[in-house]
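The structure under discussion appears below in the form of structure tokens.
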Amino acid sequence: MIANYGYKDGSGEYFISIDTDKCDGCGDCVGACPYGVLITGEDPNDPFREEPVAMVSEDHRKKIKYSCAPCKPVSDRPPLPCVAACGSGAIEHSW
Amino acid sequence: MTEEFWRWTESRWTSPDIDWKSGDIITAGCDVGSVSTQAVVMVDGQLYCYANMRTGSDSPDSAMRAINWALEGTGMTLDDIQYSVGTGYGRVNVPFAQRAITEIACHARGANFIYGSTVRTVLDMGGQDCKAIHCDERGKVVSFLMNDKCAAGTGRGMEVFADLLNVPITQIGELSLQVDEEPEPVSSTCVVFAKSEASALLRSGWPKEKVIAAYCSAMAHRVVTLLERIGMEEDFAITGGIAKNIGVVSRLEKELGVKALQTDYDTQLAGAIGAALFAKALVEKQRKGK
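For the protein sequence lines, the chains are A and B, in the order given. Mapping to my numbering: the first sequence position 90 is 92, numbers consecutive. Mapping to my numbering: the second sequence position 40 is 197, numbers consecutive.
Listed below in structure tokens is the structure:
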């Protein structure tokens, strides 16, 4: 499942997509994110999934434009820590 | 008392064809939304009874009122229900539910039940948010996108407009189609700004139907942009209260270039039906495990 967390507002589209088929719930992204945006836990959208899965925490879903901004400088953009930490390539950012 | 134009009719129903006492698995689903609450009871995966009413300020109380109303006159009590699943915005506050499952999973499952296994794209236009969901032939979510930051393009916005224009909410869709020429959509997507924009249009002499046409088309356009991100795959179905608004649905169909599936079911029930079906699957899983 591709889970898109985030929102679209007048200033643009801000979504973090997590491919739950690739995600094995290892939690490496959770440790890599300096702002606690990502968490792992029971998949809220798939009641029959046994292993944990990564998701954007409820607290950040409506403000990821701001939560993620420090990792997205305008120039000289380094790889995003969460995306780099994910060995299975399950995380993508839309902006 | 003045008429409350925004108020939609609450309803309940019992299937005349099902004898619940001879049923094997009896499950319930309760969808406590921001605007409406539905409780459904299913007997062996068939819809037995439901209630659809407004959510009050207290989610547990709304859930209890809905299930009690659904069970009214059936002879069934809460103790006869083997498993209940809560869903929607107030899902963790359903006192009789053993489990909470997100409305994303439940709407996909419910749409699969209501519209059949050919549904691949579900647009849930709820009271205060809008979700675009792709699902497979079993109603399992393949991808989803939710916009719950803003109530533009939702039922609550339509209620605000019903009130502003003094048009009963059930007649808004029809009325919005009574324009000779489609007006420009209102430019604001925010309900509050759209309302002030509409007030200005009324003042400048626009008739009601033209104003509401402009709002319906703005609403349709807004959700189309959500679908653009996630992609459109047929068959396409709409769930939630706005599915009953022909003014929005027909403009959505026009903009997307696809027809939405039709149903006799109350489209607001999709989430609760999905929850009751998950409850059934969970009972079956428990039995297998024994």
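For every residue, glycine included, the Cβ atom is placed at its ideal position computed from N, Cα and C. Remember, it's a predicted structure, so these values are computed and weren't measured experimentally.
- The Cβ-Cβ distance between G428/B and H264/B falls below 8 Å.
- Fewer than three beta-carbon pairs drawn from the segment 355-373 of chain B and the segment 384-391 of chain B are found closer than 8 Å, and the two stretches are therefore not classed as touching.
- Here DSSP, grouped into helix, strand and coil, assigns M3/A to coil.
- H291/B sits in a strand when the DSSP states are folded into three classes.
- Inside the segment 163-209 of chain B, DSSP marks whole beta strand (DSSP E) runs of 3 or more residues at positions 168-171, 183-189 and 193-200, from first to last along the chain.
- If you check the CB distance, P252/B and M233/B do not come in under 8 Å.
- Taking 8 Å as the threshold, the shortest C-beta distance from F270/B to chain A does not fall below it.
- Residue nearest to A319/B within the set I369/B, W177/B and G310/B is I369/B (criterion: CA-CA distance).
- Just measuring C-alpha positions, the residue of S96/A, R63/A, L40/A and D26/A sitting nearest K74/A is S96/A.
- Taking a beta-carbon distance threshold of 8 Å, K447/B does not count as an interface residue toward chain A.
- Pairwise C-beta distances place the segment 27-44 of chain A in contact with the segment 52-64 of chain A, as three or more of them are shorter than 8 Å.
- Close partners of I66/A in chain B (Cβ separation under 8 Å) are lacking, with about 10 Å as the shortest Cβ gap.
- Membership of N304/B in the beta strand (DSSP E) is indicated by the continuous run V298 to N304.
- Taking all protein chains shown into account, K367/B has 16 or more neighbouring C-beta atoms within 10 Å of its C-beta and is therefore buried.
- Beta-bridge partners of M57/A (DSSP): I41/A.
- Of the candidates A377/B, L439/B and A432/B, A377/B places its Cα closest to the Cα of G414/B.
- A contact between stretches requires three or more CB pairs, one per stretch, nearer than 8 Å, and the segment 76-83 of chain A fails this requirement with the segment 188-199 of chain B.
- At a cut-off of 8 Å between C-beta atoms, K437/B does not count as an interface residue with respect to chain A.
- In the structure shown, A223/B adopts helical secondary structure according to DSSP, grouped into three states.
- For E15/A, the enclosing beta strand (DSSP E) stretches over residues G14 to D21.
- Residues of chain B whose Cβ lies closer than 9 Å to the Cβ of A34/A do not exist; the shortest such Cβ separation is about 24 Å.
- For V279/B, the uninterrupted beta strand (DSSP E) segment begins and ends at T278 to M282.
- From the listed residues M282/B, V279/B, N304/B and Y207/B, the smallest Cα separation to K10/A is found for N304/B.
- Just so you know, the alpha carbons of A375/B and G314/B end up roughly 11 Å apart.
- Fully contained in the segment 370-411 of chain B is no alpha helix (DSSP H) run of length 4 or more.
- Annotated three-state conformation of S333/B is helix, per DSSP.
- Here G310/B really is in contact with V380/B; their C-beta atoms are around 5 Å apart, less than 8 Å.
- Considering only beta carbons, the part of the segment 226-258 of chain B lying closer than 9 Å to chain A consists of V242, R256, A257 and I258, in chain order.
- Nearest CB-CB separation between T382/B and chain A: below the 8 Å threshold.
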